[in-house]
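Student:
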Amino acid sequence: MNLPSALRLDRRDFLMLAPILLLAFFIALIPKLSYPYPVHVDEWEHLVRAKTVLESGVMTVVDPFTGEAVEPSLVGSLEAGFHYFLAAFHAVSGISWLDMFRFLPGVLFAVTVFLVYLMARPQGYGWEAALFTCLIITTVGILGPAFLVPVAMGLLLLPLIFFLAFHFKNRWGYVLIFVSFTFLLASHAPSAIVVFIVITPYVILRLRNDFRHGLFLAAALLAPVIITLPLTFELIINTARGLLTPQYPLDYVEVPQQLAVSYGILPFLLSIIGSIALLVKGGIKNYGIVFGFLALELMLLVFYRFHFGVPLLYIRGLQYVMLMAGITAGAGVNTILKIRLPQHYVRRFKATWLRANTGKILAAAVIAAVLAIAIPQRLETPYYRMIDTEDYQAFIWIKNNLEGRPGRVLLDPWKGTAFVALTDRYVYTRISAFPTDTDEKAYDFLAGGCSDTDFLAENGISIVYTEHPCTSPDLIEVRKNVYLLN
Amino acid sequence: MNRVLTVFLLVVLLAAVVLLAYVIASPRTAEEFTEFYILDYRSMTDIYPTGFVLENGKIVEVKYDGEIHKAAYGRVILGISNHENTRAEYDIKVVSDNMTLPLYFKGAELELIGPISLGPGEKWEEEIGFSPQTAGEGEKVSFVLYKDGTAYFEEPPYLWIDVANR
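If you're matching them up, the sequences are chains R and A in order.
Just so you know, we're using the working numbering here: the first sequence kicks off at 131 and counts up by one.
Just so you know, we're using the working numbering here: the second sequence kicks off at 599 and counts up by one.
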């Protein structure tokens, strides 16, 4: 079988790509270099939900964290696709959950970078785009490719969809686009909307230039939305109503100025150069990339400046801004590579070698400067750690030795999600986004020396895990920080 | 020139792979600690000794959550797990009301169990017995672990017991 030319790679491709893919894997591993557990609270939550999928399916009648009865609803299952993916991967591969959450983000990010390479290579800036895609940052505010979260999956699928749209004008290409977009819609609707915004300009251009191809692309992207409309109509209407109310960015999300500094001023400048170069070069694919990038930036600008839009699209959209900036920065570096000294300098200084290699020298200098700034910056990015090794060992001890003991566990609500993920036991309460009244009650109980043991009995709690001293005679400490209700 | 670049890239690639493999295989764990815990005599956590009956200064009955055993001491399983990344020597003493209680371990009566020498990652889990010496309600029995001669916990694990005279 002959591979399409877009997929044929030679030795030089592999040699250029291999260190870039390793860099991508390393960048994604940074938060977990010396920490073998999931980092972000969302990672722990996805771990619990993926385990729940394996045990009891995705539409449960019981909250997987507290054991309380809940109404099965679509809103609670909007990331079901991602949870099914994690569950299936774990079941088929046999890789432990902790190893999955530690290493799979690196693998997914390397695949993302590879797909960017495939997408941009026929346009002549493949390895440059791949290299600058590695610079996407991961923070606890805006997430990123270093965490095993749905937005990391979206980052992988955007270049894949672009690649398929650019190079496959047959039924298999459209089917793959349909399947990819459906999976993304079922895994992370905000990412699907962002991807839709980015790819729409290309589809519109194709409708003008190659109507049949444009039509099938549009159908492949719209079909999943239309098919699920009976289920999602009410949710869409409610979200649409929210567009008329001013919304403000959350204070833990980096504003664009901070993001530009975190991501890198130089890559953003290269992105501008690259965007201009792609527009000058012309062609529907180049226009599609640039206008898609501009459409995304326009959406974010409207939200940030005028406060109309969906906050989650802004928060998660920042990741896609960096992805598109990386791709266009690659085009910028490719433009620099083509720089040559003017002829009269060559004649005057007899610098034939210099003229032939001006662009390479400049590009090497730019790339070295970017990496010299970016890599230490990524290594110094602060991340919280929900649990430490002592917590982990205590949780495993509770799982192994208190399995037969009925009742819920009360512990620091901030650690609750991690506790459920590791022990498969219910907790009294846990913090998922911000503390609630129930969480405050738990903190008050722990700070009060666990003296109100009636509170424990009333709430079905039989185990307390706390670093605060517990002085109640109704509790026995069977292990450091582990107390049992007598 | 192409050959030089190829060789250079291959060397860099090999070095990067080796370095990455090393980093992945040896994660630094900052925390070093010893794990110490009490299980009931069935290696669970449901039936700890909660009541004792003293007769002529000796324990004659022990109550385990409703079950009464004719015994001279209450039985628990103690566990020590070394996560210190270095070998350590441990001793165990059981204290109640500032008084060291006699312990029963592998047929012998002792005041101190040890030294228990554990290497990094090693675990010790054995059944021991303890006998309270004085009557009283709500007595706190603390299981004190010493590591290399020093008490390891500021607040050691404990049980609450009632001791009655016959």
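We put the beta carbon where it would ideally sit given N, CA and C, even for glycine.
From a predicted model like this one, the values you see are computed outputs, not experimental measurements.
Leaving out the 5 sequence neighbours to the left and right, which residues in its chain are closer than 7 Å to R/Glu597 when beta-carbon positions are compared?
Tutor: Here residue 597 of chain R corresponds to residue number 467 of the first sequence, with the count starting at 1. Excluding positions up to five away in sequence, the list reads Asn611.
Student: R/Leu273 to A/Ala733, Cα distance in whole Å?
Tutor: On the first sequence, residue 273 of chain R is found 143 positions in, with the first residue counted as 1. On the second sequence, residue 733 of chain A is found 135 positions in, with the first residue counted as 1. Near 60 Å, if we compare the C-alpha coordinates of A/Ala733 and R/Leu273.
Student: Around the C-beta of R/Trp302, are 16 or more other C-beta atoms found within 10 angstroms, so that it is buried, or is it exposed?
Tutor: Numbered from its first residue, the first sequence carries residue 302 of chain R at position 172. Classification for R/Trp302: exposed.
Student: The alpha helix (DSSP H) spanning R/Val246 covers which residue range?
Tutor: Here residue 246 of chain R is taken as the residue at index 116 of the first sequence, counted from 1. Its alpha helix (DSSP H) spans residues 227–250.
Student: Which ranges would you report for the alpha helix (DSSP H) in the stretch 332–401 of chain R if only whole runs of at least 4 residues count?
Tutor: Fully enclosed alpha helix (DSSP H) runs of 4 or longer: 341–357, 359–372, 386–393.
Student: Quick check: the stretch 664–680 of chain A against the stretch 724–731 of chain A, are at least 3 beta-carbon pairs closer than 8 Å?
Tutor: yes
Student: Since R/Gly456 and R/Phe156 should fall inside the 8 Å C-beta cutoff, what is the C-beta to C-beta distance between them, to a whole number of angstroms?
Tutor: Sequence index remark: in the first sequence, residue 456 of chain R carries index 326 (1-based). Sequence index remark: in the first sequence, residue 156 of chain R carries index 26 (1-based). Not quite, the Cβ-Cβ distance comes to about 16 Å (not below 8 Å), so this is no contact.
Student: With a threshold of 16 other CB atoms inside 10 Å of the CB of R/His318, please say whether the residue is buried or exposed.
Tutor: Reading the first sequence from its first residue, position 188 is the one you call residue 318 of chain R. Here R/His318 is buried, its C-beta having at least 16 other C-beta atoms within 10 Å.
Student: The beta strand (DSSP E) spanning A/Tyr702 covers which residue range?
Tutor: For the purposes of this step, residue 702 of chain A is taken as the residue at position 104 of the second sequence. Per DSSP, A/Tyr702 belongs to the beta strand (DSSP E) from 701–703.
Student: Under the rule that 16 or more other beta-carbon atoms within 10 Å means buried, what is R/Met131, buried or exposed?
Tutor: Here residue 131 of chain R refers to the residue found at position 1 of the first sequence. Only weak support exists for where R/Met131 lies, its pLDDT of 41 falling under 50; the coordinates are left without a value.
Student: Can the beta-carbon of R/Arg555 be found less than 8 Å from the beta-carbon of A/Thr643?
Tutor: Within the first sequence, the letter at position 425 stands for residue 555 of chain R. Within the second sequence, the letter at position 45 stands for residue 643 of chain A. No, these two residues do not count as a Cβ contact at 8 Å.
Student: In the DSSP assignment, the beta strand (DSSP E) including R/Val270 goes from what residue to what residue?
Tutor: Stepping through the first sequence from its first residue, residue 270 of chain R is reached at position 140. Careful: R/Val270 lies outside any beta strand (DSSP E) and carries neither H nor E.
Student: Pick from R/Val309, R/Leu248, R/Leu586, R/Ala316: whose alpha carbon is nearest that of R/Tyr214?
Tutor: The residue given as residue 214 of chain R occupies position 84 in the first sequence. Among R/Val309, R/Leu248, R/Leu586, R/Ala316, the Cα nearest to that of R/Tyr214 belongs to R/Ala316.
Student: Please check the pair R/Arg538 and R/Ile505, which I expect to be a contact at CB under 8 Å, by giving their CB distance rounded to whole angstroms.
Tutor: Residue mapping note: residue 538 of chain R aligns to position 408 of the first sequence, counting from 1. Residue mapping note: residue 505 of chain R aligns to position 375 of the first sequence, counting from 1. Not really, about 44 Å apart at Cβ, beyond 8 Å.
Student: At a CB-CB cut-off below 9 Å, which residues of chain R make contact with A/Ile636?
Tutor: Taking the first residue of the second sequence as position 1, residue 636 of chain A is located at position 38. Neighbours of A/Ile636 on chain R, chain order: Ile606, Glu607, Val608, Arg609.
Student: Have a look at A/Val742, A/Ala686, A/Tyr671, A/Asn680 and flag the residue whose alpha-carbon is nearest the alpha-carbon of A/Met697.
Tutor: The count along the second sequence starts at 1 and reaches residue 697 of chain A at position 99. Considering only alpha carbons, the answer is A/Val742.
Student: Using the Cα positions of A/Lys738 and R/Phe585, report the straight-line distance between them to the nearest angstrom.
Tutor: Within the second sequence, residue 738 of chain A is the residue found at index 140, counting from 1. Within the first sequence, residue 585 of chain R is the residue found at index 455, counting from 1. C-alpha separation (whole angstroms): 23 Å.
Student: Just how far apart, CA to CA, sit A/Ile645 and R/Leu287?
Tutor: Within the second sequence, numbered from 1, the residue matching residue 645 of chain A stands at position 47. Within the first sequence, numbered from 1, the residue matching residue 287 of chain R stands at position 157. Their Cα atoms are separated by approximately 55 Å.
Student: Given 8 Å as the limit, is there contact between the stretch 513–524 of chain R and the stretch 484–496 of chain R, that is, 3 or more CB pairs closer than that?
Tutor: No: fewer than three Cβ pairs fall under 8 Å.
Student: CA-CA distance, R/Thr242 and A/Tyr635?
Tutor: Locating residue 242 of chain R in the first sequence gives position 112, where the first residue counts as 1. Locating residue 635 of chain A in the second sequence gives position 37, where the first residue counts as 1. Those two C-alpha atoms are separated by around 46 Å.
Student: Exposed or buried, R/Leu309, counting other C-beta atoms within 10 Å across all chains shown (16 or more means buried)?
Tutor: Taking the first sequence and counting its residues from 1, the one referred to as residue 309 of chain R is at position 179. Correcting the residue identity first, residue 309 of chain R is Val in this sequence and not Leu. It counts as exposed.
Student: Buried or exposed: which applies to A/Ala706, given that a residue is buried once 16 or more other Cβ atoms fall within 10 Å of its Cβ?
Tutor: Along the second sequence, one-based indexing puts residue 706 of chain A at 108. A/Ala706 is exposed by the Cβ-count criterion.
Student: What residue range does the alpha helix (DSSP H) around R/Asn621 cover?
Tutor: The structure shown does not extend to residue 621 of chain R, since chain R is modelled only from 131 through 616, so no value can be given for it.
Student: For R/Ala154, which option in R/Phe313, R/Leu265, R/Thr196 has the closest C-alpha, if you only look at C-alpha atoms?
Tutor: For the purposes of this step, residue 154 of chain R is identified with residue 24 of the first sequence, where counting begins at 1. Comparing Cα-Cα distances from R/Ala154 to each of R/Phe313, R/Leu265, R/Thr196, the minimum goes to R/Leu265.
Student: If you run the structure through DSSP and keep just helix, strand and coil, what is A/Thr632?
Tutor: As a first step, residue 632 of chain A must be located in the second sequence, where it is residue number 34. In this structure, A/Thr632 counts as strand in the three-state DSSP scheme.
Student: Could you list which residues in chain R have their beta carbon closer than 9 Å to that of A/Gly736, in chain order?
Tutor: Here residue 736 of chain A refers to the residue found at position 138 of the second sequence. Identification of chain R residues near A/Gly736 by a Cβ-Cβ cut-off of 9 Å yields Pro603, ordered along the chain.
Student: Can you give the Cα-Cα distance for R/Ile326 and R/Leu351, rounded to whole angstroms?
Tutor: The residue given as residue 326 of chain R occupies position 196 in the first sequence. The residue given as residue 351 of chain R occupies position 221 in the first sequence. Rather than Ile, the amino acid found at residue 326 of chain R in this sequence is Phe. Distance between R/Phe326 and R/Leu351, taken at the CA atoms: about 8 Å.
Student: Can you tell me whether R/Thr488 is buried or exposed, with buried defined as 16 or more other CB within 10 angstroms of its CB?
Tutor: For the purposes of this step, residue 488 of chain R is identified with residue 358 of the first sequence, where counting begins at 1. Flag for R/Thr488 reads buried.
Student: If you run the structure through DSSP and keep just helix, strand and coil, what is R/Met131?
Tutor: Residue 131 of chain R sits at position 1 when you count from the first residue of the first sequence. Any reading at R/Met131 must be qualified, since the residue scores a pLDDT of 41, below 50, and its modelled position is unreliable; the value itself is stated next. Coil.
Student: Apply the 10 Å Cβ neighbour rule to A/Lys656 and answer buried if 16 or more other Cβ atoms are within range, or exposed otherwise.
Tutor: For the purposes of this step, residue 656 of chain A is taken as residue 58 along the second sequence, with counting starting at 1. It is exposed - the Cβ of A/Lys656 has fewer than 16 other Cβ atoms within 10 Å.
Student: Please tell me whether R/Arg179 has its Cβ less than 8 Å away from any Cβ of chain A.
Tutor: For this step, residue 179 of chain R is matched to residue 49 along the first sequence. Answer no: the Cβ-Cβ gap between R/Arg179 and chain A never drops below 8 Å.
Student: Could you work out which residues of chain R lie near A/Leu699, taking near to mean beta carbons separated by less than 9 Å?
Tutor: Here residue 699 of chain A refers to the residue found at position 101 of the second sequence. Those within 9 Å of A/Leu699 in chain R number zero; the least Cβ separation is about 16 Å.
Student: Identify whether R/Met283 lies in helix, strand or coil by the three-state DSSP scheme.
Tutor: Taking the first residue of the first sequence as 1, we reach residue 283 of chain R at position 153. If DSSP states are grouped into helix, strand and coil, R/Met283 belongs with the helices.
Student: Hey, which unbroken runs of the alpha helix (DSSP H) at 4 residues or more fall wholly within the stretch 457–525 of chain R?
Tutor: 473–479, 482–509
Student: Just to confirm before moving on: does the CB-CB distance between A/Ser641 and A/Arg685 stay below 8 Å?
Tutor: Reading the second sequence from its first residue, position 43 is the one you call residue 641 of chain A. Reading the second sequence from its first residue, position 87 is the one you call residue 685 of chain A. Their beta carbons are not under 8 Å apart, which means A/Ser641 does not touch A/Arg685 by this criterion.
Student: Would the stretch 165–177 of chain R count as touching the stretch 245–252 of chain R if we require 3 or more Cβ pairs under 8 Å?
Tutor: Not touching, per the Cβ criterion.
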